Ligand code: LLP
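In the working numbering, the protein residues as written are 144 to 562.
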């Protein structure tokens, strides 16, 4: 469920008319519903209320500090993948003891930053990384708490670019090498082993891959415990999918029914790293139709948002539903491509889509854009990044202003020999 609904012919976010809002702030912009985000977090949290757990929102899905603040208020923590994400989480007021740090390529500087920030644990993805962490811990005099990210070799049955749990992927340490990895970690004097981590991919719409992966990880925990390792945290990653079109992913409660019995036996505190399922359907991208045209019988709707603002359709061929902000009583439909102003044929938000015949200057809502929307946006074609707006009830708040041309060149310099 989400809070983007029509009232009469007008699309609203909670109690704010999106058409009215667009007049105030200009287009394009990302728009998020506070209520939807909070509810999604609460639904996920309550699904696992009968086991000790911590929800660490995956910052990569949406890193705006105002949104992160909502999770702080709800008692949540964060899954981060870079020093930049750590900075954002701390700025939003996160409790460092609720932050877990995953990623195959943590730099020494990032490791030191994480140690000094006193985060809960680093999810380690290679033996070389273990040595780096040990060294950084020695230098800073702060013992490093770690989990090993174990790659369970499970097919998440999702888009190949966002599947991470097969042994051919770059992620984690293989099942075969995990035990040796743990023995090494245990032997390093500046490291304390506290947990185990896995994450098999994103936009997973079936329960089976989660169950299969967990069974393997739980078997590994038994072996580790028999080796005298104190595994207190089981971090099961994120990945639960959402409905973009006609997918019917399990509800968090259905997932809980299947996996809680497996998790309970471990005696661990369970860490979850959901991203998309919390924010995906809580955000949209609002764009204006600049022009429409026909070419050799093909229709094009040229809008002011482009692949630099929302890259998912271009990158993964993802489907995002597109709705009119103002419904017209004339429900004449056409088949059209929805494209942006960027100089690439790959710049599209929708292909061969059956849509109402949008007129020039009308507004379109690109739905389910709250996850991996703004965070993957860029300045390609020197397009300033769009603003982000948060709605709560009948009020809206600018949580990131639109970039201007000066922002585009910040940090650039013409070398003195050219001056
Ligand atoms: N934990 C780890 C270690 C991850 O790598 C990810 C996502 C998550 C948690 C959160 O996964 P979620 O619950 O959101 O599925 N850009 C792609 C998605 C990439 C996901 C990367 N990792 C997209 O737009 O679909």
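For glycine and all other residues, C-beta sits at the position ideal for the given N, C-alpha and C. Only a predicted model underlies this, so the values are computations on that prediction, with no experimental measurement involved.
Under the rule that 16 or more other beta-carbon atoms within 10 Å means buried, what is residue i, buried or exposed?
i, result
"residue 337", "buried"
"residue 521", "exposed"
"residue 250", "exposed"
"residue 399", "buried"
"residue 346", "buried"
"residue 551", "exposed"
"residue 488", "exposed"
"residue 525", "exposed"
"residue 252", "exposed"
"residue 277", "buried"
"residue 559", "exposed"
"residue 563", "The requested residue 563 is not part of the displayed model; the chain covers only 144 to 562."
"residue 193", "exposed"
"residue 241", "buried"
"residue 307", "buried"
"residue 396", "exposed"
"residue 323", "exposed"
Give the single residue among the options whose Cα lies nearest to the Cα of residue i.
i, options, result
"residue 187", "452, 562, 198", "198"
"residue 182", "518, 505, 217", "217"
"residue 259", "154, 285, 368", "285"
"residue 180", "512, 312, 558, 560", "512"
"residue 344", "271, 419, 334", "419"
"residue 357", "482, 342, 466", "342"
"residue 493", "449, 153, 529", "449"
"residue 236", "221, 401, 243, 480", "221"
"residue 544", "538, 170, 190", "170"
"residue 429", "530, 438, 495", "530"
"residue 318", "161, 364, 154, 478", "364"
"residue 201", "378, 361, 456, 438", "378"
"residue 510", "157, 223, 466, 239", "466"
"residue 164", "508, 523, 370", "508"
"residue 255", "527, 280, 225", "280"
"residue 293", "515, 266, 385, 304", "266"
"residue 166", "546, 506, 275, 548", "506"
I'd like the list of long-range same chain contacts for residue i, defined as Cβ closer than 8 Å, with 5 residues on each side in sequence excluded.
i, result
"residue 373", "336, 337"
"residue 480", "441, 442, 443, 444, 491, 493, 494, 495, 496"
Can you list, in chain order, the residues of its chain with a C-beta nearer than 6 Å to that of residue i? Leave out the 5 residues immediately preceding and following it.
i, result
"residue 195", "412"
"residue 454", "519"
"residue 359", "295"
"residue 234", "208"
"residue 247", "268, 313"
"residue 540", "533"
"residue 535", "177"
"residue 475", "500"
"residue 447", "170, 171, 430, 431, 433"
Spell out the partners DSSP gives residue i in its beta bridges.
i, result
"residue 222", "201, 243"
"residue 264", "243"
"residue 287", "334"
"residue 563", "Outside the shown range of the chain (144 to 562) lies residue 563, about which nothing can therefore be said."
"residue 442", "437, 479"
"residue 414", "197, 378"
"residue 302", "Paired residues: none, contrary to the question."
"residue 313", "Bridge partners of residue 313: none, in fact."
Any chance the CB of residue i is under 7 Å from a heavy atom of the ligand GDP?
i, result
"residue 345", "Among the ligands present in this structure, namely the ligand LLP, the ligand GDP is not found."
Who are the Cβ neighbours of residue i in its own chain at under 7 Å, not counting the five residues just before and after it?
i, result
"residue 375", "337, 338, 411, 412"
"residue 434", "445, 503"
"residue 401", "350, 354"
"residue 160", "153"
"residue 327", "270, 273"
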